[in-house]
Structure formats: structure tokens, C-alpha cells
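Numbering (this note's numbering), first residue to last: 50 to 181. Here is the structure we will look at.
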């Protein structure tokens with residue numbers, strides 16, 4: 050009998066992971082997303098772009114960047130929340146913004162991202178875990 054495995058039954062790492070400690074954009078494979086990022090040292094980002102939902106309309110996850118199109122899941126104004134968009138929160142300071150948002154060593158963030166770029170960190174870096 051064939052076994053059927055859903056993405057919810059997989060442990061982190063079973064579908065792959067990516068390590069980086071350089072300032073090069075990491076992009077998930079075409080049929081996957083970055084579902085978790087583990088920080089091996091205090092880390093800042095240049096960009097962290099959430100994956101759009103199945104209708105390609107709403108971001109799923111926190112967002113980092115100083116580009117005008119970078120928005121997180123809390124993009125609605127208070128009182129105008131929808132099924133997919135909440136209110137509150139802010140885009141995390143990255144790139145040339147000051148002060149930069151620092152993700153501390155040992156922290157793990159969860160979400161659905163299509164790409165990210167960290168600032169160079171030869172003494173640490175991050176491990177990004179992939180899922181479908």
C-alpha cells in the first residue's frame with residue numbers, strides 16, 4: 050500500500066534547507082517556499098519577501114525591505130480588516146534604513162517567503178527550511 054504524506058506531516062528539513070552567511074539573495078525552488086528561518090548569530094536583512102497566497106493576491110508572512118511595494122500581512126487600516134489582510138504591525142527596518150531590525154541569535158521565525166537577503170555575517174548566518 051502506498052503511503053500519502055502531506056506537507057503538515059513533514060518535519061522541518063525533510064524537504065530541504067539552505068545555509069547562507071553572505072549578502073546574496075536566497076530564492077526558494079519554484080514549487081516550494083521558505084517556511085522557517087533559524088538565526089545562527091544576530092542578523093539583519095536587506096529583504097524578506099513573503100509568498101503570495103494561492104490567488105497571488107495577499108502576502109503570507111512578515112515582510113522586510115525598504116522598497117515601496119514591501120508590505121506585510123497587516124496592511125489594512127484599523128477597522129477595515131478583511132479575510133486575508135489584518136491591521137497593525139509595520140515593515141521591518143532593513144537595507145539602508147536606520148536603525149536596522151536585529152533578529153537575535155537562536156531565534157526562529159515562521160512564515161511563507163519566496164526570497165530573502167541577509168547582511169554579510171561570516172561568523173554566523175542563517176538556515177532556511179523549505180516546504181511545499
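We put the beta carbon where it would ideally sit given N, CA and C, even for glycine.
Shown here, residue 69 sits in a strand according to DSSP, grouped into three states. Distance from the Cα of residue 91 is smallest, within the candidate group 181, 179, 180, 167, for 167.
Below 8 Å, enough C-beta pairs join the segment 76-96 and the segment 173-181 to call them touching: three or more. Contact annotation: residue 94 and residue 174 have beta-carbon atoms that are not nearer than 8 Å. Between residue 145 and residue 77, the beta carbon gap of about 25 Å keeps them out of contact (Cβ cut-off 8 Å).
Comparing alpha-carbon positions, the option among 131, 162, 142, 129 lying closest to residue 79 turns out to be 162. The beta carbon of residue 72 lies closer than 8 Å to those of 95, 166, 167, 168, 169 in the same chain, with the five residues before and after it left out. Closest in C-alpha terms to residue 152, from the list 97, 66, 70, 88, comes 88. Per DSSP, the continuous beta strand (DSSP E) segment holding residue 82 begins and ends at 82-88.
Residue 98 has its alpha-carbon roughly 23 Å from the corresponding atom of residue 171. The alpha-carbon of residue 141 is positioned some 17 Å away from that of residue 74. DSSP, read as helix, strand or coil, puts residue 181 in coil.
Residue nearest to residue 159 within the set 70, 150, 176, 127 is 176 (criterion: CA-CA distance).
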